[in-house]
Structure formats: structure tokens, C-alpha cells
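Residue numbers (this note's numbering): 9 to 445.
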């Protein structure tokens, strides 16, 4: 009898799982149910679409539904919202009345935006930034406004503030933290980014939202702001409504999986933003709703369904964003996070240039390294700079996976070219500063 794989959710994790299973199981019946019109999509591109850097909605998708149907023999059903999962009978039901039986199930329902419940009056001018299927309407609505409040100073809030200022909007960003990206950065680098943003955006920090009325008035514990519209960028939560109470959830609220992306139900897997994993550095359970993690989780789930035993090693929490010409990234643990899990830490921040002193165009770059005092093990890095930030984050990510010490990072051989680096790489300089202490 031909076995059947059903994937609920056609985003990065879902399509990776389906494609990987197809590679090893050419005879398997594989069906993907996706609520929207897009699969293999890239939500991270929405701020750049709003900014007008591209205009074709199809560019949000790596591959189209037709590609998966024709080239990979995966039955992709767009516009199919799953309303019920009978995990005992192994049947999924959709809002259109269709029923799908399965032998293997991958739950890849992603995440949904956090809402703010003290909204009075109309929600017509209150916006979420979540799915590229809604990006066109979102852009049209936002471009018709002038004064916009962005609620939240995390990655999405920063990126949307940049996008809107670039198209001439007056942006007020309201954030409860005393600096932007406070969950990403320790305070010294957070203040660097905050100073950069304050030149273009009206930042209102350390303010709590008390009420939003009609999307036109935002009331905080410090004042009132009259605007034309409000973007809620308060973060996301795992979309577990289909299985809550019937599949084990982890301490983060996402679905608990082992290293093979298996849930506590036989032949039921979870991958992507709906699933939690282990942090490689701290060993704690974490939830990292980012595309690279989601793709690899899907890869692992599909491999195991295909009969190739593959483990997901966990995450180092490698993340990066930007505001104008400044790139902002973090990998591993911040000093605050390390102390939260009981590690005794030391942190050091250095400022350097990205190019040799005689080569034109060099940019400022800040590197902060965090290490464990007793073992000298590297715990994390935060980097803010005008160029060459991502490559250095990636280098640290590999070092964290290998449990490298600060001394080993110092002696790691970094490439040197005056046009893109200094003879003493900023990572090397930061490691040397830590060794002095």
C-alpha cells in the first residue's frame, strides 16, 4: 500500500519537508495544504516590499505551487485551511469540507502575530505585518497614510520604521524597552543603534501602551500620539491552535520535538516556527522563528520520513537586521541571557574599522564578545557595523557549535585584504581584549 504524507503549512519548513521526503520516497503520496495562495514564501521580504525595493508579488516565493506539482510531484493545495486534525483517526479536515487521510503528518503552521487587546473602536487602521500573501494590500494602505506609529522596537519594528521613513512617512516608534532591539543586544550596542535610529525616527522609549483608539490615537503611560495608522510589531507566537492540548508543547509554548523533529505522537512531526528546539550554547529549550532554522527543521523532518535518520543539532540563534547603512546582528547568548541560565560571564566591546586605514570607504564596526569566566568558552557575539557583519557572525556561529574558547578564536586565522578587512580582524581584537581580563 502506498503511504501518504500530509503537510499542514506550505511555508519554508513545510515545503522543505515535502521536498526532502519526495527525494527518498518517490512512490509516496505527498499533499501540502496551504491556507494562502503562496508557498515556499519569504515573510522577511515584506518590509522591503513596503519600501518599494521590488514590486512583483511572485518574488516572495522561491518556487511556485505549479513547480512543486510538476517538478516534484507534490500535490500542493493552496487556499486550503485546516480546521481540524483527528490525530487518532489520522484525518485532516479543511474549511471547504475536504478530508485528507495520512500515514505521516508534518505540522508546519508557523507563527502568528501577537495582538494588543486594548484597542477601542475600529481596527481598520491597525495593521499587522505577517504574511506576504497580504503584502500588496498592506503596502497600498500604508502608502496612503502620512503619520504612522510602530508599536515595538524589535527586529520587525526597526525594519518597518526604516521602510516607512524611506517612502517619506513620519514614523513614531513606541517601545517599552529603554533602547531598541533590547532582546537582541546588550545595552552598550543597543544604545549605538538607538542613536542611529533617532536621527530619522521619532523614538518613544520606556513607554507602555495603554490604549489604541480607532488606529488614530495611541495612549501610553507618558502621553498621547495622534497618527493616521498603527503597525503592531509586538512579536509573534507559535501557531499551535490545531493541536493544543493533544500534542505536547514545550516550555516556550511551541511544539516539543526531539532532535529528529518528532513529536510525542507516532509519525507526527513538527518543523519551523511552530516547533521549539535546543540552544546549542546554553542547552536550554528555545524558540527561534527564523527562516534558516525553519528550512533546516523541514529538511530534517523530511529526511526522517524518507527513511534517512537525520538529527537537527539545535540553534545558535544567529540573527541579523539593518537600519539604513547599519547592520545589526547577534549570535549565541547575550550577557543578560547567559546570566539568566546561571553562567558567570565576562563581556567586552571594541570599536574598529572595516578596512585598512589607508583604504577609502572604511566603516565603523562594533564587536561585543561574551565568554564564560570559569572555562573561557565563547558564549556569543553582537556586531553592529557598516559592512562585513554577517560573515563575522557566521564565523562565530561555527565557533559556538564547536565550543571554541576565546583563545582559540583569537588564534583562528582570519583572511586579510585591505579593501574589506584590517590585518587585525575586529573579532581577533575583541578576543584579545577578553584575554587581557
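Using N, Cα and C, we set each Cβ at its ideal position, and we do this for glycine too.
Does DSSP classify residue i as helix, strand or coil?
i           : result
residue 388 : strand
residue 400 : helix
residue 251 : coil
residue 164 : helix
residue 432 : coil
residue 268 : coil
residue 294 : strand
residue 135 : strand
residue 349 : coil
residue 282 : helix
residue 305 : helix
residue 62  : coil
residue 22  : helix
residue 140 : helix
residue 100 : strand
Report buried or exposed for residue i, applying the criterion of at least 16 other Cβ atoms within 10 angstroms of its Cβ.
i           : result
residue 14  : buried
residue 434 : buried
residue 334 : buried
residue 170 : buried
residue 303 : buried
residue 63  : exposed
residue 300 : exposed
Looking at the unbroken beta strand (DSSP E) that takes in residue i, where does it start and where does it end?
i           : result
residue 315 : No beta strand (DSSP E) contains residue 315, which DSSP labels as neither H nor E.
residue 198 : Unbroken run through residue 198 is the alpha helix (DSSP H), 195-206; no beta strand (DSSP E).
residue 120 : 119-121
residue 47  : Unbroken run through residue 47: none, as it is neither H nor E.
Which one of the options has the shortest CA to CA distance from residue i?
i           : options            : result
residue 180 : 315, 16, 231, 346  : 231
residue 418 : 343, 379, 256, 209 : 379
residue 258 : 325, 283, 267      : 283
residue 200 : 373, 12, 115       : 373
residue 174 : 239, 332, 65       : 332
residue 11  : 19, 20, 46, 29     : 29
residue 22  : 52, 308, 350       : 308
residue 73  : 20, 208, 32, 99    : 20
Between which two residues does the alpha helix (DSSP H) holding residue i run?
i           : result
residue 55  : 54-58
residue 151 : 143-151
Query raised in the report: Taking contact to mean at least 3 C-beta pairs separated by less than 8 Å, is the stretch 243-252 in contact with the stretch 110-125?
Result: yes
Query raised in the report: Using 8 Å as the Cβ pair cut-off and three pairs as the minimum, do the stretch 154-162 and the stretch 170-185 touch?
Result: yes
Query raised in the report: Any contact of the stretch 104-117 with the stretch 55-67, i.e. 3+ C-beta pairs under 8 Å?
Result: no
Query raised in the report: Taking contact to mean at least 3 C-beta pairs separated by less than 8 Å, is the stretch 290-298 in contact with the stretch 255-275?
Result: yes
Query raised in the report: Would you say the stretch 74-89 touches the stretch 41-50, given that touching needs at least three Cβ pairs under 8 Å?
Result: yes
Query raised in the report: Is it a yes or a no for the stretch 128-143 touching the stretch 220-229, going by three-plus beta-carbon pairs under 8 Å?
Result: yes
Report task. Take every Cβ of the stretch 184-202, pair it with every Cβ of the stretch 269-276, and state whether three or more of those distances are shorter than 8 Å. Result -> no
Query - Stretch pair the stretch 249-258 + the stretch 308-319: three plus CB contacts closer than 8 Å - result: Touching, no.
**Report entry** the stretch 359-367 / the stretch 381-391 touching (three or more Cβ pairs under 8 Å)
**Finding:** no
Requested in this report: Decide yes or no for the touch test of the stretch 194-212 against the stretch 336-351: beta carbon pairs closer than 8 Å, at least 3 of them.
Outcome: yes
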